[in-house]
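The numbering used here puts the first residue of the sequence shown at 536, with every later residue one more than the last.
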Amino acid sequence: MSWWSTWWTKKRNQGSQPPASSTEPSSESRDAERADAARERRSAAASEKPTPAEFDTWRVRDGDETAIQHGFAAASAHPGISDFLLHFSRVLDERGDPESALKLLSAALEAELAVERPSRGDEHFVSALMMRASLAERLQRRELALQSLEALLSIRFDHPQALPRYRRLRSDVPDERALQSSREARAAMTFVVDGAVGRGRYRVETEIGRGGAGTVFVAHDVHVDRKVALKVYHRRGQVQRERLHAEAHMAAQLVHPGVVRILDLEPALGAIAMEWVPHGSIRDALARGPTTLARATRWLETSLRALAFVHSKGIVHRDLKPSNLLIGDRDDVIITDFGSAAPAGADRSAAPMGEGTMQYMPPEQRAGAPAQPGHDMYAFGVSFREIFGGVPGLIPSWIERLLGRCAAERPINRASASTLLHELDAQRRDESVG
Ligand SMILES: Nc1ncnc2c1ncn2[C@@H]1O[C@H](COP(=O)(O)OP(=O)(O)O)[C@@H](O)[C@H]1O
Ligand SMILES: [Mg+2]
Numbered sequence: 536m537s538w539w540s541t542w543w544t545k546k547r548n549q550g551s552q553p554p555a556s557s558t559e560p561s562s563e564s565r566d567a568e569r570a571d572a573a574r575e576r577r578s579a580a581a582s583e584k585p586t587p588a589e590f591d592t593w594r595v596r597d598g599d600e601t602a603i604q605h606g607f608a609a610a611s612a613h614p615g616i617s618d619f620l621l622h623f624s625r626v627l628d629e630r631g632d633p634e635s636a637l638k639l640l641s642a643a644l645e646a647e648l649a650v651e652r653p654s655r656g657d658e659h660f661v662s663a664l665m666m667r668a669s670l671a672e673r674l675q676r677r678e679l680a681l682q683s684l685e686a687l688l689s690i691r692f693d694h695p696q697a698l699p700r701y702r703r704l705r706s707d708v709p710d711e712r713a714l715q716s717s718r719e720a721r722a723a724m725t726f727v728v729d730g731a732v733g734r735g736r737y738r739v740e741t742e743i744g745r746g747g748a749g750t751v752f753v754a755h756d757v758h759v760d761r762k763v764a765l766k767v768y769h770r771r772g773q774v775q776r777e778r779l780h781a782e783a784h785m786a787a788q789l790v791h792p793g794v795v796r797i798l799d800l801e802p803a804l805g806a807i808a809m810e811w812v813p814h815g816s817i818r819d820a821l822a823r824g825p826t827t828l829a830r831a832t833r834w835l836e837t838s839l840r841a842l843a844f845v846h847s848k849g850i851v852h853r854d855l856k857p858s859n860l861l862i863g864d865r866d867d868v869i870i871t872d873f874g875s876a877a878p879a880g881a882d883r884s885a886a887p888m889g890e891g892t893m894q895y896m897p898p899e900q901r902a903g904a905p906a907q908p909g910h911d912m913y914a915f916g917v918s919f920r921e922i923f924g925g926v927p928g929l930i931p932s933w934i935e936r937l938l939g940r941c942a943a944e945r946p947i948n949r950a951s952a953s954t955l956l957h958e959l960d961a962q963r964r965d966e967s968v969g
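Written out as structure tokens, the structure reads:
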């Protein structure tokens with residue numbers, strides 16, 4: 536089924552197995568015992584993914600070669616990247632078999648890229664790319680090394696070793712086009728090569744945020760000499776291209792101080808340029824410490840205004856949450872990330888990359904109901920309960936009531952943004968009178 540069992544068997548039959556392990560020589564009977572025990576564990580290995588420590592136990596007990604066989608069985612039963620996989624690759628390399636390590640890492644990275652939401656932000660993913668880059672470079676496979684570094688840089692631009700290594704390798708590579716046309720280079724976002732770093736319109740400076748779909752950088756737009764936020768999609772398949780397009784177009788129609796301003800769409804880069812909101816998101820602010828009642832109330836009011844506007848244009852955001860609410864200069868909220876947005880009434884197929892975040896999603900949206908403004912109201916309610924939950928002291932009862940009417944389980948019991956806005960304005964008038 537997997538390439539490695541056949542490939543490994545062939546390799547062994549050719550008599551090119553890696554050097555024997557350093558464990559002490561043993562008698563034939565002990566060898567037979569070991570083989571039995573090893574066979575048992577082999578089937579266990581196929582169903583359970585070992586930890587690095589368990590793998591080391593196999594090496595001591597069964598000898599390296601058997602342990603490595605088990606390792607391949609476990610790796611093929613559990614495609615993708617894990618701490619075991621990284622450890623196993625390291626062991627192969629240390630035993631003088633960097634080719635196998637490289638093959639293993641490549642297969643695992645491929646497996647990871649084949650799933651809809653790969654664990655790109657993951658430390659393991661980053662380590663696997665870095666390790667593959669080193670192995671490939673050592674094995675004189677520069678193109679593969681470069682691809683790995685590009686993929687790495689596009690998710691972790693500030694990686695301390697990757698950029699210098701990439702620059703050094705790059706000056707050695709004559710054929711840039713070969714790189715760009717390779718499968719992974721296309722799938723795994725080569726915006727670095729495409730010129731975003733050195734030559735093109737946008738000079739990427741620092742990473743400011745990351746979500747399921749993309750990484751956001753501060754970039755300098757050299758055409759008009761200003762800073763922008765550049766959202767670069769993690770992947771550039773057909774699905775992502777369509778989604779990128781939809782995200783940019785939908786947000787661009789929504790001209791409002793509470794909706795992020797779209798400046799440009801760069802299909803070739805897989806990127807959207809938008810206004811840079813330097814104060815970050817409410818999620819970032821909450822991570823820095825508790826917030827005040829006045830500030831949270833201002834966020835509530837301004838995001839409700841923005842949301843009422845979005846709904847008045849017939850759009851449902853579908854992924855409201857603190858990390859998608861940016862903070863403007865006067866503590867006013869600016870909604871970002873229209874990557875899951877859809878016109879009201881649109882069905883699930885309008886979100887091929889998946890929509891929303893479970894924690895903030897109402898039950899009917901989880902069940903796949905067509906897009907409704909009520910979905911956003913629920914997410915809004917859950918988000919602000921979380922935000923006010925971190926505010927010290929008593930929360931005014933009108934706020935409790937308002938949030939309760941957003942986060943109602945039954946859609947019919949949820950108030951609309953415009954209704955709540957009317958009530959809020961009335962509340963303000965009362966306050967100024969009383
Ligand atoms: N225009 C912007 N200005 C500043 N930070 C932003 C901007 N847009 C997004 N971010 C930050 O980047 C993060 C990821 O962007 P987002 O569009 O939400 O990506 P995803 O679709 O992957 O969730 C956000 O949570 C936010 O912290
Ligand atoms: Mg987001």
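Note that beta-carbon positions come from the ideal geometry of N, C-alpha and C, so glycine has one too.
Asked                                                                                                             : Found
Environment of ligand 2 in chain order, Cβ to heavy atom below 6 angstroms                                        : 746, 858, 859 and 872
Status (buried if at least 16 other CB within 10 Å, exposed otherwise) for residue 864                            : exposed
Collapsed DSSP secondary structure at residue 639 in the structure displayed                                      : helix
Selected residue, minimal CA-CA separation from residue 828, among 927, 861, 697 and 619                          : 927
Which listed residue (937, 736, 838 and 703) has its alpha carbon closest to that of residue 862                  : 838
As assigned by DSSP and simplified to three states, the class of residue 781                                      : helix
Close beta carbons around residue 815, own chain, < 8 angstroms, minus the five adjacent residues each side       : 743, 744, 861 and 862
Any non-hydrogen atom of ligand 1 closer than 8 angstroms to residue 908 Cβ                                       : no
Cβ shell of residue 959 (< 8 angstroms), same chain only, five flanking positions each side left out              : 836, 839 and 937
Any 3 or more C-beta pairs closer than 8 angstroms across the stretch 667 to 681 and the stretch 696 to 706       : yes
Residue 832 in three-state terms, based on DSSP                                                                   : helix
Whole alpha helix (DSSP H) elements within the stretch 836 to 921, 4-residue minimum                              : 898 to 901
Presumed contact (8 angstroms Cβ cut-off) between residue 786 and residue 799, rounded CB distance                : Not a contact, Cβ separation roughly 12 angstroms.
Cβ separation of residue 624 and residue 636, assumed to be a contact under 8 angstroms, to the nearest whole Å   : 4 angstroms
Residue 690 vs residue 791 beta-carbon contact at 9 angstroms                                                     : no
Those residues which DSSP pairs with residue 666 across a bridge                                                  : None; residue 666 has no bridge partner.
Proximity test, Cβ basis, 9 angstroms: residue 818 and chain B                                                    : Protein chains in the displayed structure number just one, and chain B is not present.
Straight-line Cα distance separating residue 903 from residue 613                                                 : 29 angstroms
Ordered list of alpha helix (DSSP H) runs contained in the stretch 744 to 780, each at least 4 residues           : none
Member of 741, 601, 776 and 603 whose CA lies at the smallest distance from the CA of residue 811                 : 741
Residues that residue 626 bridges to, as DSSP identifies them                                                     : Paired residues: none, contrary to the question.
Span of the alpha helix (DSSP H), counted from its first residue to its last, around residue 801                  : Premise fails: residue 801 lies in the beta strand (DSSP E), 797 to 801, not in any alpha helix (DSSP H).
Own chain residues within Cβ distance below 6 angstroms of residue 856, not counting five before or after         : 892, 895 and 918
Range covered by the beta strand (DSSP E) that runs through residue 806                                           : 806 to 809
Residue 770 beta carbon near ligand 1 (any heavy atom closer than 8 angstroms)                                    : no
Which of helix, strand or coil DSSP assigns to residue 951                                                        : coil
Neighbourhood of residue 847 by C-beta, 6 angstroms cutoff - its chain only, sequence neighbours within 5 removed : none
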